[in-house]
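Peer 1: Going left to right, the sequence shown walks through residues 13 to 553 as my numbering numbers them.
The beta carbon of each residue, even a glycine, is placed where N, CA and C say it ideally should be.
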Amino acid sequence: MLVVDLFYCGALMLCWTRLYMALILPNNPTMTGNHPKSSSTETGDGLQITNASIRTSSASTVSRDAPQLPPCFVDNIFAALSEGVGHNGELPNHTLTMFGICTESDNTSGSVLLDLVKEVSRNQRNGLKVLDLSGGLLLEGEESGSLKLAFQLPHSHLLKPSPVLLLAFESPLAGEKLDTTFTSESLHPNTQTVCLSAETQYIMLAGKESKGKVHNTWRINAETCSPVMKQRLKDILIGGQSGSNNCMIPLLLFSGERGTDTRNAHISGSSMTPSHTSSFLCELKRFLDDVLPLVHPGSPQLQLGSLQSLPPLTLGLSSSETLLAGLINSSALTIFSFSSWSSRFPMHHGELSLSPALLEELRQRLEQTVEKIMAVIREEDVGHKATERLGRLKKHSVLLKKEPEAGESQYCAFLLLKALQTVARAYEVEKKLRSTRAGHNNSMGGNVCGLRSLTVSLERTLVGPNTANINNCHGSCAFPLVNGNNHAILLNIHIESENVDERAPCCVPLAYEHLEVVDLNQHGTYLSIKPDVVAKECGCR
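1. Using the Cα positions of residue 493 and residue 526, report the straight-line distance between them to the nearest angstrom.
2. Nearest chain B C-beta to residue 190 closer than 9 Å, yes or no?
3. Compare the beta carbon distance of residue 321 and residue 541 with 9 Å and say whether it is the shorter of the two.
4. Based on DSSP bridge pairs, tell me the residues matched to residue 141.
5. DSSP state of residue 482, grouped into three classes?
6. Counting along the chain, where does the alpha helix (DSSP H) carrying residue 507 start and finish?
7. If we ignore side chains and look at the alpha-carbon of each, how far apart do residue 518 and residue 329 end up?
8. Which residues in the same chain as residue 549 place their Cβ atom closer than 8 Å to its Cβ, once the five residues preceding and following it in sequence are excluded?
9. Determine the extent of the alpha helix (DSSP H) in which residue 220 is found, giving its start and end residues.
10. In this structure, does DSSP put residue 204 in helix, strand or coil?
11. Using only the alpha-carbon positions, how far apart do residue 340 and residue 426 sit?
12. Taking the straight line between their C-alpha atoms, what separation do you get for residue 281 and residue 141?
13. With respect to the beta strand (DSSP E) encompassing residue 165, which residues constitute its N-terminal and C-terminal limits?
14. For a test of the three-state rule: what should DSSP assign to residue 259, helix, strand or coil?
15. So what does DSSP say about residue 378, is it helix, strand or coil?
16. In this structure, how does DSSP classify residue 90 when only helix, strand and coil are distinguished?
17. Just tell me which of 334, 325, 551 has its CA closest to the CA of residue 530.
18. Please tell me whether residue 159 and residue 234 are closer than 9 Å, where the distance is taken between their beta carbons.
19. So for residue 373, helix, strand or coil by DSSP?
20. Short of 7 Å in beta carbon distance, which residues of its chain neighbour residue 297, apart from the five on each side in sequence? Order them along the chain.
21. Whose CA, out of 242, 198, 260, lies closest to the CA of residue 185?
22. Starting from the Cα of residue 178, find the closest Cα among 489, 110, 133 and give me that residue.
23. To the nearest whole angstrom, what separates the beta carbons of residue 489 and residue 552, a pair I think is in contact under 8 Å?
24. Looking only at C-alpha atoms, which of 300, 528, 537 sits nearest to residue 543?
25. Among 97, 122, 120, which one has its Cα closest to the Cα of residue 134?
26. Is residue 508 near the ligand ATP, going by C-beta to nearest heavy atom under 8 Å?
27. Considering only C-alpha positions, which residue in the set 199, 338, 349, 303 is nearest to residue 317?
28. Just mark residue 569 as buried or exposed, buried being the case when its beta carbon has 16 or more other beta carbons within 10 Å.
29. Helix, strand or coil: which one does DSSP assign to residue 493?
30. Could you give the DSSP three-state label for residue 119: helix, strand or coil?
31. Counting along the chain, where does the beta strand (DSSP E) carrying residue 526 start and finish?
32. Nearest CA to the CA of residue 409: which residue from 121, 363, 386, 507?
33. Could you say which of 315, 381, 369 lies nearest to residue 471 if we only look at CA atoms?
34. If you measure between the beta carbons of residue 199 and residue 248, is that distance less than 9 Å?
35. With distances taken from CA atoms, which of 236, 515, 202, 195 is nearest residue 208?
36. Could you compute how far the alpha carbon of residue 60 sits from the alpha carbon of residue 175?
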């Protein structure tokens with residue numbers, strides 16, 4: 013009994029000791045050392061970024077974990093910069109608003125943004141480097157309406173060329189206009205004003221060029237012009253108590269030229285440029301978002317994983333000629349999915365190896381489809397961005413006629429063809445829908461059983477499209493029946509003989525098309541066939 017008592021007493025003391033240690037030593041990096049840990053991660057955009065997390069045990073401090081960047085987040089920033097200048101070489105008003113610049117007369121911020129735009133355009137995104145400063149420290153200042161932000165930077169000579177702090181948001185800000193003043197010894201000039209509105213997606217702050225090593229921490233005061241807007245400012249910068257869904261990602265942009273050394277910044281200089289594949293896919297996503305018809309807002313989002321699927325097929329160097337030929341000639345609706353890829357994981361570099369004959373067929377079909385889509389862009393008045401993005405996609409997908417080699421260009425050309433075929437199909441459906449509506453207004457037979465357009469909203473983790481037109485069957489099955497079989501004819505006669513207890517013939521799909529899903533992730537590219545998805549023929553049954 014004595015041994016048992018000693019055992020239980022020892023166990024009880026151990027439990028109390030662990031509880032006591034948990035209470036006085038919370039799981040906080042600042043309690044275990046003087047310097048917070050930083051980790052290096054690589055985005056799916058092919059950009060290696062350093063994530064510096066700052067935490068403290070102070071009661072007046074709010075810290076947060078680094079958010080998970082969505083696919084193409086960093087790539088979209090470079091796209092916004094490259095597309096930010098107008099045809100006259102100046103910054104249009106919508107670009108100024110997007111980056112929180114108050115007026116064209118704001119020479120400092122405007123000139124810094126224009127320099128960034130030129131840098132990206134001149135060096136094709138290779139001239140700028142990126143640091144992720146997620147996990148910023150927020151302190152409430154003593155002054156009313158003031159907040160303090162602190163960002164940890166690596167010890168390095170890397171940031172000598174004038175850095176730019178970019179506070180980026182996943183989506184444009186909502187709410188009324190908010191003027192904010194940022195003040196810091198690390199900024200140049202020390203005080204900078206930002207105008208936030210519903211169209212603002214980035215806050216741009218010009219940093220001070222360092223003469224020697226950069227400061228380890230940037231501390232920045234943020235103050236609203238109106239103290240009553242303090243809570244909204246807090247919601248925007250780190251998320252507050254008012255149910256704000258804003259997600260702010262702090263990034264540091266700086267020039268990689270002038271012989272800067274990247275070895276001491278925990279960043280691989282060679283991986284700072286987006287990969288060919290990931291850059292193409294992000295451009296493809298933006299293009300599809302531009303040109304595809306929008307689904308009605310508020311529609312529930314459906315998960316592709318809930319659909320039955322045939323065993324997936326690999327799209328790569330080992331793909332059979334028969335499979336690739338069938339896909340090139342197929343006009344089935346194709347969805348491109350990022351189901352298991354985020355910006356913090358590298359994207360697999362896709363490659364295809366087509367025979368010369370199949371490569372020539374791909375080239376011809378791609379040229380024909382591009383011409384068709386250009387006509388759609390003009391007819392539907394989609395805008396100049398869609399034309400420019402299609403041009404960049406074509407450059408990613410150049411197929412050389414001499415000595416064709418296996419590689420990413422063939423892969424990108426194949427995916428571009430499938431995407432453009434889906435776009436062409438979507439607009440053909442739109443034209444038929446408009447014609448059907450006009451016919452219903454001018455005829456008495458508009459309620460006869462027939463195919464109707466039905467667009468559903470898909471999960472937002474897709475490259476695109478984010479919608480699918482699966483069609484549905486609507487209309488009357490009264491005599492004379494449309495596309496009815498003998499059973500439906502006899503059933504209808506039976507019911508017309510006042511036998512009302514039976515189910516009347518219904519307008520239902522009789523034939524379907526499948527859905528092709530191209531799943532892109534860090535392991536490879538896979539094709540999944542979802543059978544019987546799109547209704548293509550209706551009848552009374």
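Peer 2: This is what the structure gives:
1. The sequence position of residue 493 within the sequence shown is 481, counting from 1. The sequence position of residue 526 within the sequence shown is 514, counting from 1. It is roughly 27 Å from the alpha-carbon of residue 493 to the alpha-carbon of residue 526.
2. The displayed structure is made up of one protein chain only, and chain B is not part of it.
3. Numbered from its first residue, the sequence shown carries residue 321 at position 309. Numbered from its first residue, the sequence shown carries residue 541 at position 529. Remark: C-beta atoms of residue 321 and residue 541 approach each other more closely than 9 Å.
4. Counting from 1 along the sequence shown, the entry for residue 141 is found at position 129. Looking at the DSSP assignment, residue 141 forms a beta bridge with 266.
5. Here residue 482 corresponds to residue number 470 of the sequence shown, with the count starting at 1. If DSSP states are grouped into helix, strand and coil, residue 482 belongs with coil.
6. Here residue 507 is taken as the residue at index 495 of the sequence shown, counted from 1. First-last of the alpha helix (DSSP H) with residue 507: 498–508.
7. Along the sequence shown, one-based indexing puts residue 518 at 506. Along the sequence shown, one-based indexing puts residue 329 at 317. Looking at the two C-alpha atoms, the distance is approximately 48 Å.
8. The count along the sequence shown starts at 1 and reaches residue 549 at position 537. Beyond the five residues adjoining it in sequence on each side, residue 549 comes within less than 8 Å, by CB distance, of 463, 495, 521, 522, 523 in the same chain, given in chain order.
9. Here residue 220 corresponds to residue number 208 of the sequence shown, with the count starting at 1. From DSSP, residue 220 is part of no alpha helix (DSSP H); its letter is neither H nor E.
10. Stepping through the sequence shown from its first residue, residue 204 is reached at position 192. The answer is strand: DSSP assigns residue 204 an E or B state.
11. Taking the first residue of the sequence shown as position 1, residue 340 is located at position 328. Taking the first residue of the sequence shown as position 1, residue 426 is located at position 414. Taken atom to atom, the span from the alpha-carbon of residue 340 to that of residue 426 is near 8 Å.
12. Translated into the one-based positions of the sequence shown, residue 281 becomes position 269. Translated into the one-based positions of the sequence shown, residue 141 becomes position 129. Because residue 281 sits at a pLDDT of 30, beneath the cut-off of 50, its placement in the model cannot be relied upon, and the point is left open.
13. Position 153 of the sequence shown, counted from the start, is the residue given in the question as residue 165. Annotation: residue 165 is outside any beta strand (DSSP E) and is labelled neither H nor E by DSSP.
14. Working through the sequence shown from its first residue, we reach residue 259 at position 247. Residue 259: coil per DSSP, three-state reduction.
15. Translated into the one-based positions of the sequence shown, residue 378 becomes position 366. Of the three classes helix, strand and coil, the one that applies to residue 378 here is helix, per DSSP.
16. Position 78 of the sequence shown holds residue 90. Residue 90: helix per DSSP, three-state reduction.
17. Taking the sequence shown and counting its residues from 1, one reaches residue 530 at position 518. Here the closest residue by C-alpha is 325.
18. Position 147 of the sequence shown, counting from 1, holds the residue named residue 159. Position 222 of the sequence shown, counting from 1, holds the residue named residue 234. Going by C-beta atoms, residue 159 is nearer than 9 Å to residue 234.
19. Counting from 1 along the sequence shown, the entry for residue 373 is found at position 361. Residue state, collapsed to three classes: helix.
20. By 1-based counting over the sequence shown, the position of residue 297 is 285. 84, 475, 476.
21. Locating residue 185 in the sequence shown gives position 173, counting from the first residue. Nearest C-alpha to residue 185: 260.
22. As a working mapping, residue 178 is identified with position 166 in the sequence shown. In terms of CA proximity to residue 178, 110 leads the group 489, 110, 133.
23. As a position in the sequence shown, residue 489 is number 477, starting the count at 1. As a position in the sequence shown, residue 552 is number 540, starting the count at 1. Contact between residue 489 and residue 552 holds, with the beta-carbon distance rounding to 4 Å and staying under 8 Å.
24. Translated into positions along the sequence shown, residue 543 becomes position 531. The residue among 300, 528, 537 with its C-alpha nearest the C-alpha of residue 543 is 528.
25. By 1-based counting over the sequence shown, the position of residue 134 is 122. Among 97, 122, 120, the Cα nearest to that of residue 134 is on 97.
26. Of the ligands one can find in the structure shown there are none, so the ligand ATP has no counterpart to examine.
27. Here the question's residue 317 lines up with position 305 in the sequence shown. For residue 317, the nearest C-alpha among the options comes from 349.
28. No statement about residue 569 is possible, as the shown extent of the chain runs from 13 to 553 and does not include it.
29. Within the sequence shown, numbered from 1, the residue matching residue 493 stands at position 481. DSSP, reduced to helix, strand and coil, places residue 493 outside both helices and strands of the structure shown, so it counts as coil.
30. Mapped onto the sequence shown, residue 119 falls at position 107. Judged by DSSP in its simplified three-state form, residue 119 adopts helix.
31. Taking the first residue of the sequence shown as position 1, residue 526 is located at position 514. In the DSSP assignment, residue 526 falls within the unbroken beta strand (DSSP E) covering 519–533.
32. Residue 409 sits at position 397 when you count from the first residue of the sequence shown. Comparing Cα positions, the closest option is 363.
33. Stepping through the sequence shown from its first residue, residue 471 is reached at position 459. Comparing Cα-Cα distances from residue 471 to each of 315, 381, 369, the minimum goes to 315.
34. In the sequence shown, the residue the question calls residue 199 occupies position 187. In the sequence shown, the residue the question calls residue 248 occupies position 236. Not a contact, by the Cβ cut-off of 9 Å.
35. For the purposes of this step, residue 208 is identified with residue 196 of the sequence shown, where counting begins at 1. For residue 208, the closest of 236, 515, 202, 195 by C-alpha to C-alpha distance is 236.
36. Working through the sequence shown from its first residue, we reach residue 60 at position 48. Working through the sequence shown from its first residue, we reach residue 175 at position 163. Residue confidence is low: residue 60 scores 36 on pLDDT, short of 50, so the model does not pin down where it sits. Its coordinate-derived value is still stated next. As the crow flies, the alpha-carbon of residue 60 is around 17 Å from that of residue 175.
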